[in-house]
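Structure first, commentary second.
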Ligand code: 5CA
Ligand code: ZN
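Numbering (my numbering), first residue to last: 420 to 826.
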């Protein structure tokens with residue numbers, strides 16, 4: 420599937436250090452050790468509505484990983500899916516009287532424009548589920564061959580009893596798992612399952628639902644197998660980083676990792692990155708709750724996407740935070756101070772700023788600390804001046820290349 424345009428990346432002198440990142444499975448900040456090419460997978464949108472600030476914050480986080488790895492000299496093979504067939508998409512299409520394919524195409528187009536406007540480096544492979552049905556059903560068939568599945572009225576379930584180490588990513592107990600499974604797309608109450616936590620691998624054809632031929636019969640994939648299959652196909656086993664928002668830790672990433680382990684005998688990824696939820700008025704921003712601030716709407720209102728990005732960067736990726744009306748004015752004020760400093764003929768030495776931004780991002784993507792380093796330099800430059808004529812240009816390039824903010 421077509422990705423989106425690549426932002427200009429200005430080269431910086433020297434190179435950044437290795438990225439250290441919080442890993443959900445171990446609960447520790449660990450040094451990533453990619454080879455020449457780092458492999459990263461991020462769970463993409465379900466395109467039944469436009470992207471809100473929570474989605475944008477999640478993709479901004481993966482973009483920072485991408486930028487830090489590149490700055491450290493790695494190429495990055497970045498894969499993102501889009502869930503262009505799933506229950507919420509079909510429900511919204513039916514409710515609004517549009518074809519589910521048209522709805523998905525329309526919203527994916529808006530998403531591409533949002534991401535390009537926010538200077539998010541596009542995935543190397545942007546992959547839809549519909550175009551991947553064959554490879555998804557092949558992985559499902561491979562899993563079935565191991566004996567880890569059973570059939571229920573034609574649907575194929577993965578048996579949680581056949582998932583050694585289940586819980587290794589989320590660290591949840593069974594009661595917590597059951598609760599979240601019910602809340603997040605699972606079917607713990609369906610009669611006839613061997614265990615309420617068993618999950619759907621392949622959904623048999625239903626009347627009035629799209630379906631495809633496969634080795635498991637005609638139907639469509641369950642949710643988790645799409646990401647397991649696309650990641651395995653494009654990145655191979657044991658890639659460097661897998662993740663998404665922290666609403667995906669359980670069941671999505673736990674069950675997806677169990678599928679990959681069943682098929683390959685090993686983990687899907689070395690590190691598991693999860694982004695805190697962005698909320699509005701005390702609630703998680705979510706399509707189903709309807710409390711959304713859309714990136715596309717802000718853009719239509721004339722808000723500079725660089726300001727939206729700067730506003731998000733003032734929050735650390737792991738904490739939950741609220742989008743409020745104060746975000747854009749605060750980011751605008753900061754951008755004005757920075758622009759004024761970039762316009763100076765000379766300023767204090769930029770090398771320590773570049774080093775501080777690199778160090779902050781390399782230590783668990785501490786973007787607020789990176790902004791503070793630039794704030795401090797700009798304040799000194801504006802109040803006391805400086806003698807380095809190359810400094811304004813180098814700090815501007817640092818902000819552009821490492822933070823993705825073009826001012
Ligand atoms: N298509 C699936 C993943 S395979 C999905 O979760 N789609 S989504 O449209 O609901 O979310 C897209 C991405 O944004 C996911 O990584 C999700 O974890 C993240 N996300 C959703 N809501 C928020 C939020 N309020 N704050 C931060 N990230 C969010
Ligand atoms: Zn996913």
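We put the beta carbon where it would ideally sit given N, CA and C, even for glycine.
Margin query: With distance defined between alpha-carbon atoms, name the residue in 470, 541, 739 and 658 nearest to residue 457.
Written below: 658
Item checked: Beta-carbon contacts of residue 715 that lie in its chain and below 8 angstroms, excluding the five residues immediately before and after -> 469, 470, 529, 532 and 533
Margin query: Is residue 691 near the ligand ZN - that is, is its Cβ less than 7 angstroms away from at least one heavy atom of it?
Written below: no
Item checked: 8 angstroms contact criterion, which residue 736 and residue 697 should meet: CB distance rounded -> Between residue 697 and residue 736 the Cβ distance is about 10 angstroms, and since that is not below 8 angstroms, they are no contact.
Next item on the list: For residue 457, write down the residues that DSSP places opposite it in a beta bridge.
Entry: 495
Margin query: Any heavy atom of the ligand ZN closer than 7 angstroms to the beta-carbon of residue 462?
Written below: yes
Check: What is the residue span of the alpha helix (DSSP H) that residue 422 lies within?
Finding: Note, residue 422: premise wrong, no alpha helix (DSSP H); not H, not E.
Notebook entry, point to check: Near residue 785, which residues of its chain fall below 6 angstroms by C-beta distance, leaving aside the five closest residues on each side in sequence?
Noted result: 779
Checklist line | Every unbroken beta strand (DSSP E) within the region 526-554, with a cutoff of 3 residues, ordered by chain | finding: 544-547
Notebook entry, point to check: Once you ignore the five residues that flank residue 618 on each side, which residues in its own chain have a CB closer than 6 angstroms to its CB?
Noted result: 577 and 674
Next item on the list: Return yes when at least one heavy atom of the ligand 5CA lies under 7 angstroms from the C-beta of residue 451, else no.
Entry: no
Margin query: For residue 501 and residue 464, which I take to be in contact (beta-carbon distance under 8 angstroms), what is that distance rounded to the nearest angstrom?
Written below: About 6 angstroms separates the beta carbons of residue 501 and residue 464, which is inside the 8 angstroms limit, making them a contact pair.
Check: When burial is assigned at 16 or more other CB atoms within 10 Å of the CB, is residue 602 buried or exposed?
Finding: exposed
Margin query: DSSP three-state label for residue 467, please.
Written below: coil
Next item on the list: Check whether the Cβ of residue 476 sits closer than 7 angstroms to any heavy atom of the ligand 5CA, and report yes or no.
Entry: yes
Next item on the list: Starting from residue 830, follow the alpha helix (DSSP H) in both directions and report where the run begins and ends.
Entry: Residue 830 falls outside the range modelled here, since the chain spans only 420 to 826, and no answer is possible.
Notebook entry, point to check: Since residue 519 sits in a beta bridge, which residues does DSSP pair it with?
Noted result: Answer is none; residue 519 lacks a bridge partner.
Item checked: Whole-number beta carbon distance between residue 589 and residue 644, since they are thought to touch under 8 angstroms -> Not a contact, Cβ separation roughly 18 angstroms.
Check: Which residue from 818, 761, 765 and 806 puts its Cα closest to that of residue 788?
Finding: 818
Notebook entry, point to check: Taking just the CA atoms, how far does residue 611 sit from residue 479?
Noted result: 42 angstroms
Note to self: Based on DSSP bridge pairs, tell me the residues matched to residue 703.
What the structure shows: 698
Next item on the list: Pair every Cβ in the region 766-776 with every Cβ in the region 799-809, then say whether three or more of these pairs are closer than 8 angstroms.
Entry: yes
Next item on the list: State yes or no: is the C-beta of residue 473 nearer than 7 angstroms to some heavy atom of the ligand ZN?
Entry: no
Check: Do the CB positions of residue 575 and residue 635 come within less than 8 angstroms of each other?
Finding: yes
Notebook entry, point to check: Considering only residues of the same chain and omitting the five flanking positions on each side of residue 621, which have a CB-CB separation below 8 angstroms?
Noted result: Excluding residues within five positions, the ones whose Cβ falls inside 8 angstroms are 556, 559, 574, 575, 633, 635, 636, 638, 639, 640, 641 and 644.
Next item on the list: Could you round the C-beta distance between residue 699 and residue 742 to whole angstroms and report it? I think they count as a contact, below 8 angstroms.
Entry: 5 angstroms
Check: Beta carbon of residue 500: closer than 7 angstroms to some heavy atom of the ligand ZN?
Finding: yes
Note to self: Alpha carbons only, please: which of 596, 570, 649 and 511 is nearest the one belonging to residue 550?
What the structure shows: 649
Check: Residue range of the beta strand (DSSP E) that residue 593 falls in?
Finding: No beta strand (DSSP E) contains residue 593, which is instead part of the alpha helix (DSSP H) from 593-602.
Note to self: Taking its Cβ as the centre, do 16 or more other Cβ atoms sit within 10 Å of residue 450, making it buried, or is it exposed?
What the structure shows: Taking every protein chain shown into account, the CB of residue 450 has fewer than 16 other CB atoms within 10 angstroms, so this residue is exposed.
Item checked: Pair within 8 angstroms by beta-carbon distance, residue 435 and residue 728 -> No, the pair does not count as a contact, with Cβ atoms beyond the cut-off.
Margin query: Measuring CB atoms only, is the region 534-548 touching the region 479-489, in the sense that at least three cross pairs come out at less than 8 angstroms?
Written below: yes
Check: Per DSSP, residue 441 forms a beta bridge with which residues?
Finding: 448
Next item on the list: Would you tell me roughly how many angstroms separate the C-alpha atoms of residue 754 and residue 826, rounded to the nearest one?
Entry: 7 angstroms
Checklist line | Cβ-Cβ distance between residue 691 and residue 442 below 8 angstroms | finding: yes
Note to self: Judging by CA-CA distance, which residue of 519, 507, 459 and 492 is the nearest neighbour of residue 499?
What the structure shows: 459
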